[in-house]
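In what follows, a structure is listed as structure tokens, so that the remarks can point back to it.
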Amino acid sequence: MCGIFGVVSDLPLVDVLLKGLKRLEYRGYDSAGVALEGAHGLFLERTVGRIESLRSALEEASRGIFQDASIGIAHSRWATHGAVTEANAHPQSDGETALVHNGIFENHTELRAFFPQKKWESETDTETLIPFISEKIRQRRAFLTAVRESLDMVRGGYALLIINKNFPQQLIVAKNGNPVTVGRGKGAFSKSFFVSSDCAAMAPWIGEKADLEDGELCLIQKGPTESKCSFFDSRGVPLAKDWEPFVFADNDCDETDDFALKEIHEQPGLIKERIAAFDQGAFANWGARLAAKDALNFVGCGTSFYAGLVGAYWFEKWARLSTHAEIASEFRYRCPVLPPKSLYVFLSQSGETLDTLKALEYATKHAVETAVMTNVLHSTMAKKAKDLLPLHAGPEMSVISTKAFTAQLAVTACLLLETLAVQGSAHRSALEADFRNVPALLRTVLSNGDAMNAAAEVLATASAVIFLGRGLCYPIALEGALKLKETSYLFAEGYPTGEMKHGPIALMDASVVSVVLAPFDDLFEKTLSNTQEIMARGGRVLFLTDTQGQEKIQKQLCEAMAAGTVKIFLVPPTGELSKAFVYGVAAAQIVSYKTAKLKGRNVDRPRNLAKAVTVE
Ligand code: AGP
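Per numbering that gives the first Met the number 0, the sequence shown starts with residue 0, numbered consecutively.
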């Protein structure tokens with residue numbers, strides 16, 4: 000997790016450093032810090048809270064003297080080792096060496112034992128590398144050699160930016176397991192170099208980039224006129240690296256603070272673009288390939304996993320292909336048997352989620368066919384993918400995943416339709432027509448402002464919320480509960496409606512609200528019966544249903560409706576593919592967003608979360 004950012008420049012760099020850090024804040028935002036090297040020596044500032052707090056602290060503490068800094072490193076933290084405190088924020092430093100770290104030194108306890116007399120300043124794993132480097136520099140090793148030899152002591156993952164006050168013109172970058180990219184400046188910054196854990200963070204300033212591979216190091220040296228950048232392997236042997244042009248469609252990331260709503264509203268347009276890509280044959284090669292498989296598997300975490308679960312329902316029901324979805328963190332460690340004639344699709348918005356990345360590596364090692372469905376085409380998973388299924392949803396800035404989820408559904412729907420075409424399925428044309436209707440249906444859902452506010456008012460007063468769904472609505476119920484938890488901090492659970500009576504019903508009382516996803520389909524009657532079991536125990540119910548469902552509910556539950564214990568949030572009638580989109584957007588995204596707003600939460604940056612989860 001954590002974002003790291005570095006700049007070596009002949010121009011004032013503090014503002015750029017903070018702006019770059021802000022663009023990285025999605026990786027973690029519980030505390031932040033910078034270290035600067037300049038004519039005034041090594042200067043460090045760290046704060047608990049967001050980048051704005053760091054900016055004010057820095058302005059106050061440095062009183063402008065660091066306008067002459069020529070090297071800066073910065074960090075936005077998602078705490079792993081040690082609480083959220085200033086002492087545990089990065090950069091970690093002993094006054095000589097300062098470094099920022101994304102990753103975990105797994106053997107930090109062993110590393111501490113090498114310095115029994117040392118008074119450690121933090122509880123972080125990161126700090127334990129510093130004395131090794133400083134000691135080697137005192138033994139007159141060159142900076143790069145000192146870092147390289149010290150890293151031999153470390154077990155675990157890292158992307159590191161390191162400076163040392165004895166080498167005020169040098170910045171060292173090191174990578175193992177966690178991504179880091181060096182960027183060469185453009186325009187006014189053409190003599191500058193940038194480094195970051197995500198090249199999108201450097202987008203406004205760089206024209207070219209070079210990714211580091213595991214075990215590689217980079218030394219950026221500030222010269223009197225030009226700066227120089229050299230790459231090395233883990234033995235210190237120089238490496239020739241190609242610089243690639245860097246082009247990035249930006250998303251005015253710095254300025255807005257409510258990306259979630261913007262991204263939710265982008266969805267009809269994005270699905271339309273996927274349909275256009277489908278029409279142009281973007282998925283045409285997949286039909287025969289999938290139809291020839293014995294099994295299909297979707298693997299991911301969080302929202303990406305739920306999108307995979309929807310895919311599993313679709314493929315089994317319509318393509319009659321044995322399909323499963325699995326949580327990436329479980330997949331890898333249960334040592335699954337991977338049947339040879341199967342395809343494993345790894346879903347990840349960020350393409351950096353470590354659990355999913357490791358699951359992909361496991362599948363690759365076991366020689367099954369794999370594909371990666373991701374939104375970030377420069378991500379680690381995209382680079383490792385044998386086959387890529389791009390989401391093209393545009394940068395998703397809010398920590399809550401919304402448009403990436405519906406893009407995952409759209410790409411999966413395209414794969415399904417291509418498979419059904421090869422199979423000559425009789426269901427295909429109805430499903431395709433339904434899929435084409437999704438943008439219009441979502442526009443209807445998104446224009447239903449008053450009903451959404453009323454639904455949110457019901458949830459905001461609950462002590463706990465249970466999302467219930469049968470069939471395809473079950474994965475949507477899981478996604479709804481996740482969204483509500485992460486945006487509103489309300490306790491929420493997703494459950495298969497039919498499973499309610501096997502335990503969770505014990506929770507029911509007037510303080511608990513059940514959000515029942517009830518499209519008027521072949522499972523509607525059963526859903527309604529299960530809901531009555533809840534109401535008989537005093538539970539409150541919010542139905543999401545269509546006009547036909549509404550009619551039935553009004554007839555059967557008129558008393559409860561009059562008493563206000565049952566409420567209805569109306570959505571348009573749906574078909575078999577559009578159902579997941581409509582209920583996903585309505586139940587999971589909008590209801591959660593509105594509830595969170597009522598509760599005064601920061602939807603884009605919920606507490607304790609990060610956008611890319613790069614630790615296991
Ligand atoms: C979504 O709202 C969550 N913040 C989270 O569950 C996310 O979906 C999960 O961490 C997986 O991320 P990925 O899609 O980038 O791999």
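No residue lacks a Cβ here, since even glycine has one placed at the ideal position from N, Cα and C. Quick caveat: nothing in here was measured; it's all calculated off a predicted structure.
With a cutoff of 8 Å on beta-carbon distance, A461 and V515 are scored as not near each other. Taking a contact as a CB-CB distance under 8 Å, the pair G214 and N175 counts as one, their CB atoms being some 6 Å apart. In this structure, the CA atom of R183 is about 12 Å from the CA atom of S195.
Distance check between R469 and each of L260, L128, Y312, L35 places Y312 closest, using alpha-carbon atoms only.
Relative to the ligand AGP, A370 has its C-beta separated by 7 Å or more from all heavy atoms. Residues of the same chain with a CB within less than 7 Å of the CB of A86, apart from the 5 flanking positions on each side, are E120, S121 in chain order. Between the ligand AGP and the CB of I589, the shortest heavy atom gap is not smaller than 7 Å.
CA-to-CA, the gap between D241 and I162 works out to about 25 Å. The C-alpha of Q138 is placed about 14 Å away from the C-alpha of I129. Here DSSP, grouped into helix, strand and coil, assigns I263 to helix.
Taken atom to atom, the span from the alpha-carbon of A611 to that of E558 is near 47 Å.
Rounded to the nearest whole angstrom, the CA to CA distance from C228 to W204 is 16 Å.
In the same chain as L308, and ignoring 5 residues on each side of it, the C-beta atoms closer than 6 Å to its own belong to A324, P474, in chain order. L467 and Y494 do touch by the CB rule: their CB atoms are close to 6 Å apart, below 8 Å. Scanning its chain for C-beta atoms nearer than 7 Å, with the 5 sequence neighbours on each side dropped, one finds around S149 the residues L128, F131, I132, K135, in chain order. Y494 has L467 as its beta-bridge partners, per DSSP.
The beta carbon of E44 sits no closer than 7 Å to any heavy atom of the ligand AGP. Looking at V47, F166, A88, the one whose alpha-carbon comes closest to that of T96 is F166. Cβ neighbours of G574 within its own chain (closer than 6 Å, five residues either side excluded): D433. Residue pairing by DSSP places N101 opposite A158 in a beta bridge. The ligand AGP has no heavy atom closer than 7 Å to the beta-carbon of G2. Each residue's CA atom was taken as its position, placing K383 and Q547 some 48 Å apart. For Y28, no beta strand (DSSP E) segment is defined, and its DSSP state is neither H nor E. Using a C-beta cut-off of 8 Å, the stretch 441-448 makes no contact with the stretch 337-344, since fewer than three inter-stretch Cβ pairs fall below that distance. Taking 8 Å as the upper bound for CB-CB distance, S328 and E351 are not in contact here, some 15 Å apart. Rounded to whole angstroms, the Cβ separation of K554 and L527 is 10 Å, and the two are not in contact under 8 Å. According to DSSP, M499 shares a beta bridge with no other residue. Put simply, the stretch 49-57 touches the stretch 21-29. At least three CB pairs are less than 8 Å apart. One thing to note: N106 has its Cβ no nearer than 8 Å to the Cβ of I3.
With respect to G5, G71 sits close: the two C-beta atoms are nearer than 8 Å. In this structure, the ligand AGP has a non-hydrogen atom nearer than 7 Å to the beta-carbon of G299.
The stretch 46-86 contains, as complete alpha helix (DSSP H) runs of 4+ residues, the segments 50-61 (chain order). Excluding residues up to 5 positions away in sequence, D256, D257, F258, A259, M396, S397, V398, I399 lie with their Cβ nearer than 8 Å to the Cβ of D603 in the same chain.
The alpha helix (DSSP H) runs lying completely inside the stretch 511-576 and spanning 4 residues or more are 523-534, 546-555, 557-562, given in chain order. Collapsing the DSSP output to three states places E360 in a helix.
Around the beta carbon of K593, a 10 Å sphere encloses 16 or more other beta carbons of the protein chains shown; the residue is thus reported as buried.
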